[in-house]
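In our numbering, the protein residues as written are 13 to 171.
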């Protein structure tokens with residue numbers, strides 16, 4: 013389980029190697045994404061709080077990168093932080109997320125990106141719930157929910 017010390021280490025010393033890489037030109041990304049998705053993921057934008065479609069959805073499934081479909085977060089670690097953005101306590105895998113120091117807007121934060129395609133997702137903060145205290149604050153436009161189907165649920169119950 014990752015903690016704040018791990019996040020700072022990755023942002024200073026380098027990130028874990030991703031399982032794969034996806035690289036496209038700016039025009040290829042523009043063709044694949046809506047204007048708002050492009051602005052957020054490729055230009056490091058943000059959506060207004062409480063406007064993202066995934067803020068109030070708590071269905072079972074995986075939250076995948078909107079750009080490359082890499083699984084980023086699981087619905088089991090999503091929580092209501094009250095901030096207006098979907099919030100998670102851990103990535104689905106340690107190497108799913110890339111961390112970089114962000115000193116924009118007169119603040120020092122840790123930006124989180126998809127480690128596969130470098131899409132901007134949001135930021136991580138050390139004020140989340142236990143046991144690790146992390147809050148990944150993620151733009152809805154940077155993800156899509158891959159809902160868990162009922163066959164998967166039955167298999168989980170049987171297994």
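Quick reminder that beta carbons are idealized off the backbone N, C-alpha and C, glycines included. Just so you know, these numbers come straight off a predicted model, no measurement behind them.
Count the other C-beta atoms from every protein chain shown that fall within 10 angstroms of the C-beta of residue 94, then say buried if there are 16 or more, exposed otherwise.
In the chain shown, the residue the question calls residue 94 occupies position 82. Exposed, since its Cβ has fewer than 16 Cβ neighbours within 10 Å.
With a CB to CB cut of under 6 Å and the five nearest residues on each side skipped, what residues in its chain are close to residue 132?
For the purposes of this step, residue 132 is taken as the residue at position 120 of the chain shown. The residues are 53, 56, 125.
Helix, strand or coil for residue 83, going by three-state DSSP, please let me know.
Taking the chain shown and counting its residues from 1, the one referred to as residue 83 is at position 71. Of the three classes helix, strand and coil, the one that applies to residue 83 here is strand, per DSSP.
Just confirm the distance between the C-beta atoms of residue 16 and residue 138, as a whole number of angstroms; I'd bet it's less than 8 Å.
Indexing the chain shown from 1 puts residue 16 at position 4. Indexing the chain shown from 1 puts residue 138 at position 126. Between residue 138 and residue 16 the Cβ distance is about 4 Å, and since that is below 8 Å, they are a contact.
Tell me where the beta strand (DSSP E) around residue 51 begins and ends.
Here the question's residue 51 lines up with position 39 in the chain shown. Counting along the chain, residue 51 falls outside any beta strand (DSSP E), though it belongs to the alpha helix (DSSP H) covering 47 to 55.
Check whether the Cβ atoms of residue 129 and residue 77 sit closer than 8 Å, and answer yes or no.
Counting from one through the chain shown, the residue named residue 129 turns up at place 117. Counting from one through the chain shown, the residue named residue 77 turns up at place 65. Taking 8 Å as the Cβ cut-off, residue 129 and residue 77 qualify as a contacting pair.
Residue closest to residue 19, alpha-carbon to alpha-carbon, out of 122, 160, 38, 60:
In the chain shown, counting from the first residue as 1, residue 19 sits at position 7. That would be 122, whose Cα lies nearest to the Cα of residue 19.
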